[in-house]
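In the order they appear, the protein sequences are chains F and Y. According to the working numbering, the stretch in the first sequence is residues 1 to 373, in order. According to the working numbering, the stretch in the second sequence is residues 1001 to 1373, in order. Yeah, the Cβ is synthetic: ideal placement off N, Cα and C, and Gly gets one too. Read through the structure below, which is laid out as C-alpha cells, and then see the notes.
Number of protein chains: 2
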Amino acid sequence: MKQLSTFLPPERTLMGPGPSDVSPRILNAMARPTLGHLDPLFIELMDETKSLLQYAFQTENALTMPISAPGSAGMEACFVNLVEPGDKVLVCVNGVFGNRMVENVERCGGEAIVINNQWGTQTDLNTVEDLLAKHPDIKVLAFVHAETSTGVRNDAKALCELANKYQCLTIVDAVTSLGGIELKVDDWGIDAIYSGSQKCLSCVPGISPVSFSDRAVNLIQNRKTKVQSWFLDMNLIVGYWGSGAKRAYHHTAPVNSMYAMYESLLMLREEGLENAWQRHQRGHEALAQGLEALNLTLAVDKNYRLPQLNVVEIPSGVNDADVRQRLLNEFNLEIGAGLGEFAGKVWRIGLMGYACKPRNIDHCLAALKQVLK
Amino acid sequence: MKQLSTFLPPERTLMGPGPSDVSPRILNAMARPTLGHLDPLFIELMDETKSLLQYAFQTENALTMPISAPGSAGMEACFVNLVEPGDKVLVCVNGVFGNRMVENVERCGGEAIVINNQWGTQTDLNTVEDLLAKHPDIKVLAFVHAETSTGVRNDAKALCELANKYQCLTIVDAVTSLGGIELKVDDWGIDAIYSGSQKCLSCVPGISPVSFSDRAVNLIQNRKTKVQSWFLDMNLIVGYWGSGAKRAYHHTAPVNSMYAMYESLLMLREEGLENAWQRHQRGHEALAQGLEALNLTLAVDKNYRLPQLNVVEIPSGVNDADVRQRLLNEFNLEIGAGLGEFAGKVWRIGLMGYACKPRNIDHCLAALKQVLK
C-alpha cells in the first residue's frame, strides 16, 4: 500500500448543484467534542433543532426532524412510510429527481402514474388536474419543488391546492428549495416533505430534514403492512426523535453532523427566512446580468427559474469538461455539469445559502470570462 | 421561540457502547473545507478509503466501501441486497442486534429461522449445524460478531466454516468488532459484513463500512427482483463508489464525515491492526482487574467476553440511573445502560478505539469507586 497521509483539501468555491460553500462557523461547530446520542444535552439539541426546522419549513408539524442520512434517504423515508403495495401515486417528472420518485414508488410496490414534462419546463397544472379527476383512487401526488437537474421551480402551492381538492396526500421534494425560495408547508398543506443539508442551508452533506403532517402520521400509524425499511420506519424513529421525555435508542445519530445542522439552522433563523429568500433572488439577478454580458443564455424561462440554481446553456464549440476542469484547477471554483438529458448541454451554477454572495458571483463571472475568452 | 445560541458541548469521556471518544485529529480532519462529492480530489480520497477499509476488514473484496449512513443502514444494505422474497435466512440471536436482523429479513419478505440463545451467552454451534442440516434451502446464515447489547463475542470463524460447509452465504454484523478484536473477512470466508464508524474506529457516528465478497456481488447482480431500497441498492451505489474511471452521481456523500472516516482508518493503519486488537485486550484486562477490586462482576463468561464492551452487573441495592447520572454530571463520564432484557440489570462500559487507554480506565475506576461508596 502506498504511503498515505492526512487529507488536506484545497479551499474550493462551491457553486455547483450542492454541496454549497459551508460557513466556517458550521465547520467549527461540527468539530466540537462528540456527545453520546442519548446524552441529555444532545437531546436538548435535538429538540431545538426540531423547533428551528419547524421555522425553516414554516410548519407546526410535530413530526419535523432530520433523517440521519442524505436527501435520497429522506426521499425514501417519505415514500416507504406513505406508499403501500398497490397504492397509486401521481408523479410529476421534469428531471432526474422526479424519475427517482418513480423508482421509489415502484420499489414500494406502488403504482406510479407518471406525467413526463419536457426537461427545463414546469409541471403543467391542467395535466395534473385531468389525471387526478380521471383516477379518483390516487393516494399521493408527488413532485419536486426545485428540480436540481433542470433549475425549474414547480408551482408547489398550486399543486398542493389540486391535491387537496382531490383529497390526495402530497409528497414534496424540497432538497434544493428549503431556505432558498418561498416554501410554506402548513399554508400550502404539504403532507410529507424532505430536504437536504447541503443546498441552501449550506450545511455539510449527509442529513435530510423531513416533516410529516398529522394526517400523514395518522396514515403511517395505521398502515396495513410494515414499512419495508427498518432504518427509515417513522413509527420506530419517533421513539428516538419524538417528544417523549424518555428517548429510546433506535440508531446512533450522526452527532457531529447534527451540531452542524443545528448551527446552519440557527444562522438561517438569525438572518430570517424571508431575508434569505430575497438574498437568493438578488444574487440570481446579479449573476444573470453578468452571464448575459458574457453572452451566455439561461436555459429556463424567467417565470419558473430557480434563483439558487442557474442552468446555463453551453455555447456551441465550447468543450464542457475542459471549462469545468479549468475553473476547478485554475480558480478552485466548482460549477456543476448537466445531468441526465442535460448532460453536455448545460452547466449548473449554484447560488445556495452561504455560497450566494457578491464575492462568489464576482469571482465566478470573472473566472468564466477568462476561461471562455 | 426562545433565544438560541451556538451549541458548546462539554468534553465527555465516552465509555458507553458507542460513540466512543473521538480523537482531536479526526475532529480536526472533519472540519476541513468541504469538497464536491465528484471532485477528483474527493474521488482519490474515496479510493484510498476503500484500500484502508480492505486492510481493516482483512479482505481483497473489490466492493468494500463506507455506506453514507449509520450502522443500522449498513445492516439494511446487506439484507436488502442479498435477501429476496421467500429466501430462508438462519439468524443467530443473542441480543438486540440479532433481533434487528430478524426484522430486516422479514421486511425483505424473507423467512427468518431464528436461534434464540440466552442473553449473555454465545451462539451454540451445534444448534446452528443441526438447523443447517435440517434446512438445506437456507440461503444465508446471519449473526452478530460482537453483540453490543450483551458484550458477547460469537465465534465468527466457526460459524462461517459451518456456513461454507452447508453452502450458505454469511451476513456478519461487525459494528462493534471491527478494529477491536480479530476479524478476517477473507480467511473466514465472510460474504457480507457491515460495521459502524463510532465504535472501535473512534470516528464520528454516521458512517457504516461494508464489504461484499465476489460471490455476494454476483448474486446481487443477478437478483430476480429489484432491491427494495433505492438508496441502498448496491447495483446503483457501485456506479459512484466503484472502480470505474468515471463516477456517476448516485447520492451526495457526507463529504466531511468521509474525511473523518479516512483519518480514523489512517490511524488504525498507523497503529497496525494486530496492535489495536492487543491494546483492546490489555485495556480490558486492566479494567476487569479494577472492577473486581470494586467487587463488581462481569456478566459474560471469560471465554467469549468482548474486551471492547464490558458488561457489568449492577450490584443489588444500587440505583442504575442515579449512578450513570452522577458519572455524567460530576465526572463528565458516559457509560452505557443495559438494553432490552438487560435494561436495569447491567452497565456497559466501552473501551473502544481511542477511548481504550489507561487515562480513561483509571478515570472510570476512580469515578465508579467514588459514586458507589
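Supposed contact pair residue j and residue i - C-beta distance, whole angstroms, cut 8 Å
i	j	result
Gly18(F)	Gln198(F)	5 Å
Ile207(F)	Met261(F)	5 Å
Leu141(F)	Thr170(F)	5 Å
Cys356(F)	Arg269(F)	Actually they do not touch by this definition, with Cβ atoms about 17 Å apart.
Ile1043(Y)	Ser1264(Y)	Contact flag wrong, Cβ pair sits at about 20 Å.
Phe1057(Y)	Thr1064(Y)	6 Å
Val371(F)	Cys203(F)	That belief does not hold up - the Cβ atoms of Val371(F) and Cys203(F) are roughly 30 Å apart, past 8 Å.
Val227(F)	Asn61(F)	At roughly 19 Å, the Cβ-Cβ gap does not stay under 8 Å, so Val227(F) and Asn61(F) are not in contact.
Leu1294(Y)	Val1311(Y)	No, Leu1294(Y) and Val1311(Y) are not in contact; Cβ-Cβ is about 15 Å, not under 8 Å.
Ala1192(Y)	Ala1216(Y)	5 Å
Rounded straight-line distance, which links the Cα of residue j to that of residue i
i	j	result
Gly374(F)	Ala321(F)	Coverage of chain F is limited to positions 1 through 373, which leaves residue 374(F) absent and any answer about it impossible.
Arg1153(Y)	Val1175(Y)	12 Å
Ile361(F)	Gln308(F)	12 Å
Asp137(F)	Met352(F)	38 Å
His1135(Y)	Gln1281(Y)	38 Å
Cys364(F)	Leu333(F)	7 Å
Lys345(F)	Leu296(F)	13 Å
Val1238(Y)	Leu1328(Y)	42 Å
Ala146(F)	Pro1315(Y)	58 Å
Ile335(F)	Thr1127(Y)	58 Å
His37(F)	Met46(F)	10 Å
Ser964(Y)	Ser72(F)	The structure shown does not extend to residue 964(Y), since chain Y is modelled only from 1001 through 1373, so no value can be given for it.
Ala343(F)	Tyr166(F)	37 Å
Leu1178(Y)	Ala31(F)	24 Å
Ala253(F)	Cys1200(Y)	17 Å
Cys160(F)	Val105(F)	19 Å
Phe331(F)	Pro1033(Y)	15 Å
Arg359(F)	Tyr1354(Y)	41 Å
Phe143(F)	Ala276(F)	23 Å
Ile181(F)	Leu41(F)	33 Å
Thr374(F)	Gly1086(Y)	Because chain F spans 1 through 373 in this model, residue 374(F) falls outside it and cannot be assessed.
Asp1139(Y)	Cys1168(Y)	Sequence inspection shows Lys at residue 1139(Y); the Asp mentioned does not correspond to that position. Roughly 5 Å between the two C-alpha positions.
Glu1076(Y)	Asp301(F)	42 Å
Pro1010(Y)	Pro1070(Y)	23 Å
Gln118(F)	Asp124(F)	10 Å
Ser51(F)	Leu14(F)	29 Å
Under 9 Å by beta carbon: chain Y residues contacting residue i
i	result
Leu266(F)	Leu1004, Ser1005, Thr1006 and Phe1007
Asp320(F)	The premise fails here: Asp320(F) is roughly 14 Å from chain Y at the closest Cβ pair, so nothing lies under 9 Å.
Proximal chain F residues relative to residue i, where beta-carbon distance stays under 8 Å
i	result
Lys1226(Y)	Glu106 and Arg107
Pro1085(Y)	Those within 8 Å of Pro1085(Y) in chain F number zero; the least Cβ separation is about 11 Å.
Asp1100(Y)	Per the sequence shown, residue 1100(Y) should be read as Arg rather than Asp. Per Cβ cutoff of 8 Å: Trp230.
His1037(Y)	Pro19 and Pro205
Glu1103(Y)	Trp230
Gly1016(Y)	Gly36
Leu1041(Y)	Pro9 and Pro10
Tyr1259(Y)	Phe7 and Pro9
Within chain Y, the residues that residue i reaches when beta carbons sit closer than 7 Å
i	result
Ser68(F)	Ala1069, Pro1070 and Gly1206
Leu30(F)	For the record, residue 30(F) in the displayed sequence is Met; it is not Leu. Within 7 Å Cβ-Cβ: Met1030, Ala1031 and Asn1256.
Ala73(F)	Ala1069 and Phe1231
Tyr166(F)	Chain Y residues near Tyr166(F): none, gap ~27 Å exceeds 7 Å.
Glu48(F)	Leu1004
Leu398(F)	Coverage of chain F is limited to positions 1 through 373, which leaves residue 398(F) absent and any answer about it impossible.
Contact list for residue i against chain F, beta-carbon separation under 9 Å
i	result
Trp1188(Y)	The premise fails here: Trp1188(Y) is roughly 22 Å from chain F at the closest Cβ pair, so nothing lies under 9 Å.
Tyr1304(Y)	What Tyr1304(Y) touches in chain F: nothing, since even the nearest Cβ is about 24 Å away.
Glu1263(Y)	Thr6 and Phe7
Glu1076(Y)	Ser229, Trp230, Phe231 and Leu232
8 Å Cβ cut-off: residues of chain Y touching residue i
i	result
Glu11(F)	Pro1033
Gly179(F)	None at all; the shortest Cβ gap to chain Y is about 16 Å.
Glu285(F)	The premise fails here: Glu285(F) is roughly 25 Å from chain Y at the closest Cβ pair, so nothing lies under 8 Å.
Chain F residues whose Cβ lies nearer than 7 Å to that of residue i
i	result
Gln1198(Y)	Thr252
Val1022(Y)	Thr34
Leu1045(Y)	Phe7
Meets three-Cβ-pair contact criterion under 8 Å: the segment 87 to 107 of chain F and the segment 206 to 220 of chain F: Short answer: they don't touch.
Validate contact between the segment 280 to 298 of chain F and the segment 1224 to 1231 of chain Y using beta carbons, cut 8 Å, 3 pairs: They do not touch, by the three-pair rule.
The segment 1227 to 1245 of chain Y: positions lying closer than 7 Å to chain F by Cβ: Against chain F - using a Cβ distance shorter than 7 Å - the residues of the segment 1227 to 1245 of chain Y are Gln1228, Ser1229, Trp1230 and Phe1231.
Contact set between the segment 52 to 63 of chain F and chain Y, restricted to residues whose Cβ is under 8 Å from the partner: Flagged, chain order: Leu52 and Tyr55.
Contact the segment 1099 to 1118 of chain Y vs the segment 1212 to 1223 of chain Y: 3+ CB pairs below 8 Å: Verdict: no, contact absent.
Selection of the segment 338 to 358 of chain F by Cβ proximity to chain Y, strictly under 8 Å: Cβ contacts with chain Y come from Leu339.
Contact list for the segment 1311 to 1335 of chain Y against chain F, Cβ threshold 8 Å: Within the segment 1311 to 1335 of chain Y, the qualifying residues are Leu1328 and Glu1334.
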